[in-house]
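Per this note's numbering, the sequence shown starts with residue 11, numbered consecutively. Even for Gly, the Cβ is constructed at its ideal location relative to N, Cα and C. See structure below.
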Amino acid sequence: MIKFTRDEVRDLIIAFIVISLCFGILYSKKDFSKLPILLPMVMVGVGFGFILHEIGHKVASMKYGYWAEFKLSTKGLLIALVTSFFGFVFAVPGAVYTYANYMTERINGIISIAGPIINIILAIIFLGVCIGIYPSILADLSNNNLQLLFITCSLGFSINSFLATFNLIPIYPLDGSKVLDWNVGIWLVTIAIAGLLTLCSMMIGTEQIVRIILGII
11 MIKFTRDEVR
21 DLIIAFIVIS
31 LCFGILYSKK
41 DFSKLPILLP
51 MVMVGVGFGF
61 ILHEIGHKVA
71 SMKYGYWAEF
81 KLSTKGLLIA
91 LVTSFFGFVF
101 AVPGAVYTYA
111 NYMTERINGI
121 ISIAGPIINI
131 ILAIIFLGVC
141 IGIYPSILAD
151 LSNNNLQLLF
161 ITCSLGFSIN
171 SFLATFNLIP
181 IYPLDGSKVL
191 DWNVGIWLVT
201 IAIAGLLTLC
211 SMMIGTEQIV
221 RIILGII
């Protein structure tokens, strides 16, 4: 059974709110009147990606019988908040700490890859939603709710793809270094998938990807 302490739940909620606020500020381009509209979109598309990534590590750790707990980084959140005013977000909201006397490279690799895999799955889900609703958007261009949902999922696709790719970089203490130590083949496959999704989101764009998949010229 996966258990969360009261302090951990508090830290996760704070991290979720602050990271969402940071990206809201970033995408608003300092026009704070847009925040009421942007924040819900960013919370779904971005905030959950960060938090579920950490929860993925926790769940994997506890499946192996270790105690794992997310701890907030006040310094990391302050840096994220400050950088959001300068056109980018350097977000290190905290980390999941796994308490173990001994851990094999295999188990450490599996625990480490859990977070990026969550982001890859979320990216694919968000892209799938975009594909599913796009024909309805074309059929009714006045439907603002569907358009907002498309933008939200587009953000979710691009951010989660990037989070997976970034965390799989094989530089300590990023997840990729531990995955690579465990299994080179698995690391290559996962970073290739994450990298391809990220490259497509950056070079092609979500809407054009959707149009290509649906065969719309």
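Start-to-end residues for the beta strand (DSSP E) that takes in residue i
i, result
"residue 144", "That residue, residue 144, is in no beta strand (DSSP E); its alpha helix (DSSP H) goes 115 to 149."
"residue 78", "77 to 82"
Check whether residue i and residue j have beta carbons under 8 Å apart
i, j, result
"residue 196", "residue 187", "no"
"residue 55", "residue 127", "no"
"residue 140", "residue 167", "yes"
"residue 79", "residue 107", "yes"
"residue 170", "residue 136", "yes"
"residue 202", "residue 120", "no"
"residue 62", "residue 144", "no"
"residue 104", "residue 83", "yes"
"residue 57", "residue 96", "no"
"residue 109", "residue 77", "yes"
"residue 21", "residue 81", "yes"
"residue 74", "residue 47", "no"
Terminal residues of the alpha helix (DSSP H) in which residue i lies
i, result
"residue 106", "Not the alpha helix (DSSP H): residue 106 falls in the beta strand (DSSP E), residues 104 to 109."
"residue 213", "194 to 213"
"residue 60", "58 to 73"
"residue 96", "That residue, residue 96, is in no alpha helix (DSSP H); it is neither H nor E in DSSP."
"residue 222", "216 to 224"
"residue 34", "16 to 38"
Cβ distance (whole Å) where residue i is taken to contact residue j below 8 Å
i, j, result
"residue 185", "residue 125", "6 Å"
"residue 174", "residue 130", "5 Å"
"residue 154", "residue 147", "Between residue 147 and residue 154 the Cβ distance is about 10 Å, and since that is not below 8 Å, they are no contact."
"residue 11", "residue 162", "At roughly 32 Å, the Cβ-Cβ gap does not stay under 8 Å, so residue 11 and residue 162 are not in contact."
"residue 191", "residue 115", "5 Å"
"residue 198", "residue 133", "Not a contact, Cβ separation roughly 18 Å."
"residue 216", "residue 164", "4 Å"
Three-way DSSP call (helix, strand, coil) for residue i in this model
i, result
"residue 170", "helix"
"residue 41", "coil"
"residue 53", "helix"
"residue 184", "coil"
"residue 152", "coil"
"residue 158", "helix"
"residue 89", "helix"
"residue 178", "coil"
"residue 47", "helix"
Cutoff 8 Å: residue i Cβ touching any chain B Cβ
i, result
"residue 35", "In the displayed structure, chain B is absent; only one protein chain is listed."
Is the segment 27 to 39 in contact with the segment 80 to 95, if contact means three or more CB pairs nearer than 8 Å?
-> The segment 27 to 39 makes contact with the segment 80 to 95, as at least three CB pairs between them are under 8 Å.
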